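Peer 1: Protein chains in written order, with our numbering: chain A, 1226 to 1347; chain B, -17 to 281. Quick reminder that beta carbons are idealized off the backbone N, C-alpha and C, glycines included. Since we're looking at a predicted model, the values are computed, not measured. I have a structure here, written as structure tokens, and I will follow up with some questions on it.
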């Protein structure tokens, strides 16, 4: 887990994002428990309430469930549905990009070049 | 959510100072920071909660419903006052002996272990220095070690970080998190401070006090969603000032506290809105209520 203390992104968001990716990629499989709230707070040197907020966000998305007295367990994930959701999001973002490109007079070839350049940066 | 302490209508009257009425909860399993200026009534409140001084009115409920700081309640509370916890001629040895006699849940091994961790000569090692020969910071380390060496359910610490250097404050925060982790939701910390900087990541819930009253309280993450800090070049000040609860400005820039619900409005004007740190929030909230108090006194 990588946490930046001085970032524009709130710490709880950094935590939930990393767990979300790990759950969706199957790195943390269904049925496994997330680290205990207070144990993770101790390891990351952050307050308990921050960890709790991250876990509550994941629970609200249905990725994990709170089990009384035991912590947060990873729910079975419907991978096809998650993929579908992301494809839909991708399509929407591309449509927005095309709209901006049209206004700015950027050609399709130029857009493809931009995408290639951007993905090589990361 | 369960509470370790619940207070309703709590008051303590002195000739020149009144604490309360206070209504609040200390959530169980978390660290609560009591934040206020010098003289806000923090120590008085902690003393009342720990049964060191009596209350004038209201009700305090502890743990499983006890309504008094009975000996069994006191046994569960590790109280660390800001000063003079032990006679100054005592060394760690006398402290260990007296704590062992006074509390059944005190462990001399744990005391020695925590003394070592805090770089203090324990009763087992090194020369036995009396408290009177120690710096304020080292005295505080001994006091803290004496409460952390007990098996308690609630730690009440008055200004634990004030006399500690940054490194030791960091270690203290680690101790806090360790205590909460080992308690697994059953152990609670309440500590006061007039300076929350470098203890931000050790506070889950905060209670802000000003002039004997509670002026704001809540979980840190909720307060960070309730308020924003607005900043910009002085040029936009006239248009954003209606949204500002506190203001500080000069010829070049301005900043102030605002409610998060005003974020869109101030951003449309062109000002920046940022999530406050707990330190920023403390300063602005205390500023806000101290200004209100001044207004009231003038009226």
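To the nearest angstrom, how far is the alpha carbon of residue 95 of chain B from that of residue 9 of chain B?
Peer 2: 29 angstroms
Peer 1: Whole alpha helix (DSSP H) runs in the stretch 76 to 143 of chain B with 4 or more residues, listed along the chain?
Peer 2: Listed in chain order, they are 90 to 99 and 118 to 130.
Peer 1: DSSP three-state call for residue 1264 of chain A: helix, strand or coil?
Peer 2: helix
Peer 1: Just the Cα atoms here: how many angstroms apart are residue 1286 of chain A and residue 1280 of chain A?
Peer 2: 10 angstroms
Peer 1: Closer than 8 angstroms by beta-carbon distance: list the chain B residues that pair up with residue 1274 of chain A, in chain order.
Peer 2: 12, 186, 187, 201, 202 and 203
Peer 1: Identify whether residue 228 of chain B lies in helix, strand or coil by the three-state DSSP scheme.
Peer 2: It is coil, neither helix nor strand.
Peer 1: Taking the continuous alpha helix (DSSP H) assigned at residue 165 of chain B, which residues delimit it?
Peer 2: First-last of the alpha helix (DSSP H) with residue 165 of chain B: 148 to 165.
Peer 1: How many angstroms separate the CA atom of residue 22 of chain B from the CA atom of residue 233 of chain B?
Peer 2: 33 angstroms
Peer 1: Which of helix, strand or coil does DSSP assign to residue 313 of chain B?
Peer 2: No statement about residue 313 of chain B is possible, as the shown extent of chain B runs from -17 to 281 and does not include it.
Peer 1: Does the distance from the C-beta atom of residue 70 of chain B to that of residue 114 of chain B stay below 8 angstroms?
Peer 2: yes
Peer 1: On the three-state DSSP scale, how would you describe residue 53 of chain B?
Peer 2: It is helical.
Peer 1: Quick one: using the 10 Å Cβ neighbour count with 16 as the cut-off for buried, is residue 1239 of chain A buried or exposed?
Peer 2: buried
Peer 1: Of the residues B:173, B:192, B:196 and B:197, which one's Cα is nearest the Cα of residue 186 of chain B?
Peer 2: B:173
Peer 1: Measuring only the C-alpha atoms, how far is residue 1278 of chain A from residue 280 of chain B?
Peer 2: 43 angstroms
Peer 1: Any beta carbon from chain A within less than 8 angstroms of residue 171 of chain B's own beta carbon?
Peer 2: no
Peer 1: On a CA-only basis, which of B:236, B:194 and B:255 is nearest residue -2 of chain B? Give me that one, please.
Peer 2: B:194
Peer 1: I need the DSSP call for residue 24 of chain B, collapsed to helix, strand or coil.
Peer 2: helix
Peer 1: Rounded to whole angstroms, what is the Cα-Cα separation between residue 202 of chain B and residue 1262 of chain A?
Peer 2: 16 angstroms
Peer 1: For residue 279 of chain B, which of helix, strand or coil comes out of DSSP?
Peer 2: helix
Peer 1: Measure the CB-CB distance between residue 213 of chain B and residue 188 of chain B and report whether it falls below 8 angstroms.
Peer 2: no
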